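Using our numbering, you'd call the opening residue of the sequence shown number 195 and step up by one each time.
Cβ coordinates follow ideal geometry from the N, Cα and C atoms, glycine included.
No experiment lies behind these values; they were computed from the predicted model shown.
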Amino acid sequence: MKTKITGLSGNETVYYAAKACNKYERSIILVSDTEAAVRFEDDLTYFTSKEIIVIREEIDDNITHDKIRLLRKFYENEELVLIIPVTEAIKKYPSPENYRKDILSISGGDELPPYDLREKLTNLGYAMKEMAESCGDISSRGDILDVFVAGDEYPTRIEFFGDNIDSIRQYEPDSQRSIKKLDKIRIVPAIFYKKDTYISDYLSEDDVVIICDPPRLRDKITEANEYEGIEDFESFMKIKTDQIVYSSFDYIEKEGVKFDKVIPSNISRMSSFNGQLKLLVTEIKKLEEK
């Protein structure tokens with residue numbers, strides 16, 4: 195279903211977005227730039243308990259920790275809210291199918307020689323370091339291989355007995371103390387090789403895309419000299435998941451986009467009371483009587 199809500203500005207957009215985010219399992223919110231994304235996140239945290247991930251604008255197509263964490267959470271079907279600038283949203287990601295194929299799952303007792311595991315991890319974008327101190331690091335010594343899986347809070351230590359995995363456990367990197375023993379581990383890619391789809395393709399019918407002020411988003415794409423990106427942006431307007439458009443005025447009909455619902459905002463704007471509490475109380479009582 196495509197819904198358009200008009201007459202919104204400022205925090206009014208956040209209010210309506212929060213209602214949608216709490217209704218749907220996963221939400222993607224398209225905003226104009228990083229500054230708008232961070233501001234939106236700060237306001238949205240007051241209205242939802244769901245995890246919020248903010249992707250920041252990058253000059254090139256860098257693979258950031260937040261992007262890796264995002265795909266992992268989409269893969270694991272976790273509820274979340276993604277706030278992303280439009281110039282990042284139109285960049286390509288691995289398709290869900292290709293991402294799933296690249297995930298490495300290993301369990302205690304598996305036959306997997308240490309050399310083969312190191313090679314597999316290197317192919318997934320992990321880098322050999324003296325110690326596994328940050329996401330994407332691996333470290334190897336004797337029958338022990340440490341890996342800091344992208345998106346994890348702690349690194350994981352894999353101990354071998356010959357060519358078999360003897361134990362798997364997470365540990366605290368500073369003290370080296372074990373946190374918990376694991377029966378198996380799922381290692382997600384730390385790099386994206388084949389990028390052939392948009393992040394919106396990770397959504398299901400239970401999710402929603404929220405588009406804030408489409409004319410402003412188109413302007414941002416043009417400012418970035420990404421004229422081809424306009425076509426990519428238009429693809430967001432045609433996705434199968436539910437879609438909500440927030441705008442300060444009514445504009446889309448003339449472009450031929452059809453909506454199932456068009457809702458004018460019914461938020462009552464309050465005056466500034468400049469610290470005069472009595473005037474504020476009087477206004478609230480008037481609103482309660484309506």
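Strand pairing of residue i, partner residues [DSSP]
{"i": "Phe453", "result": "Per DSSP, none; premise fails for Phe453."}
{"i": "Pro458", "result": "Thr200"}
{"i": "Pro279", "result": "Val225"}
{"i": "Ile332", "result": "Met322 and Val341"}
{"i": "Ile300", "result": "Ile379"}
{"i": "Ile246", "result": "Val275"}
{"i": "Glu305", "result": "Asn358"}
{"i": "Tyr440", "result": "Ile199 and Cys406"}
{"i": "Arg294", "result": "Paired residues: none, contrary to the question."}
For residue j and residue i, the rounded distance between their alpha carbons
{"i": "Lys508", "j": "Lys261", "result": "Here the chain has residues from 195 to 484 only, and residue 508 is not among them."}
{"i": "Glu447", "j": "Phe453", "result": "The predicted position of Glu447 is uncertain, since its pLDDT is 48 and thus under 50; a value taken from the coordinates is nonetheless stated next. Glu447 and Phe453: Cα-Cα distance of roughly 9 Å."}
{"i": "Val208", "j": "Lys217", "result": "14 Å"}
{"i": "Gly389", "j": "Phe234", "result": "Correcting the residue identity first, residue 389 is Lys in this sequence and not Gly. Rounded to whole angstroms, Lys389 to Phe234 spans 28 Å at the Cα level."}
{"i": "His259", "j": "Thr476", "result": "50 Å"}
{"i": "Lys198", "j": "Asp236", "result": "24 Å"}
{"i": "Lys295", "j": "Val280", "result": "28 Å"}
Proximal residues to residue i (C-beta, below 6 Å), its chain only, five neighbours per side dropped
{"i": "Ala344", "result": "Ile262, Cys329, Gly330, Val382 and Ala384"}
{"i": "Ser372", "result": "Arg363 and Tyr365"}
{"i": "Val275", "result": "Cys215, Ser221, Lys244 and Ile246"}
{"i": "Glu449", "result": "Because the pLDDT at Glu449 is just 49, under 50, the model does not fix this residue reliably, and the value given afterwards should be weighed accordingly. The answer is none, since no qualifying residue turns up."}
{"i": "Ile393", "result": "Tyr287"}
{"i": "Asp340", "result": "Ala326, Ser333, Pro349 and Arg351"}
{"i": "Asp357", "result": "Glu305 and Pro307"}
{"i": "Asp322", "result": "A quick correction: the sequence has Met, not Asp, at residue 322. Around Met322: Ile332."}
When the options are compared against residue i, the one with the closest alpha-carbon
{"i": "Ala212", "options": "Ala230, Asp346, Phe241 and Asn205", "result": "Phe241"}
{"i": "Ser441", "options": "Met322, Pro409 and Glu327", "result": "Pro409"}
{"i": "Glu305", "options": "Phe268, Glu347, Arg335 and Glu353", "result": "Glu353"}
{"i": "Asp436", "options": "Lys455, Ala418 and Asp426", "result": "Lys455"}
{"i": "Ile438", "options": "Asp401, Thr416, Arg412 and Glu425", "result": "Asp401"}
{"i": "Met195", "options": "Lys434, Pro458 and Ile457", "result": "Lys434"}
{"i": "Tyr269", "options": "Glu324, Gly336 and Arg380", "result": "Arg380"}
heavy atom of the ligand GDP below 7 Å from residue i C-beta
{"i": "Gly201", "result": "The model on display carries no ligand, and the ligand GDP is accordingly not part of it."}
Proximal residues to residue i (C-beta, below 7 Å), its chain only, five neighbours per side dropped
{"i": "Tyr210", "result": "Ile199, Leu202 and Tyr440"}
Sequence-distant residues of the same chain with beta carbon closer than 8 Å to residue i, five excluded per side
{"i": "Glu282", "result": "Ile249, Arg250, Glu251 and Glu252"}
{"i": "Asn205", "result": "Asp237"}
{"i": "Ile297", "result": "Tyr269, Arg380, Ile381, Val382 and Pro383"}
ask   = In chain order, which beta strand (DSSP E) runs of at least 3 residues are fully inside the segment 332-408?
value = 338-341, 350-355, 358-365, 372-376, 378-381 and 402-406
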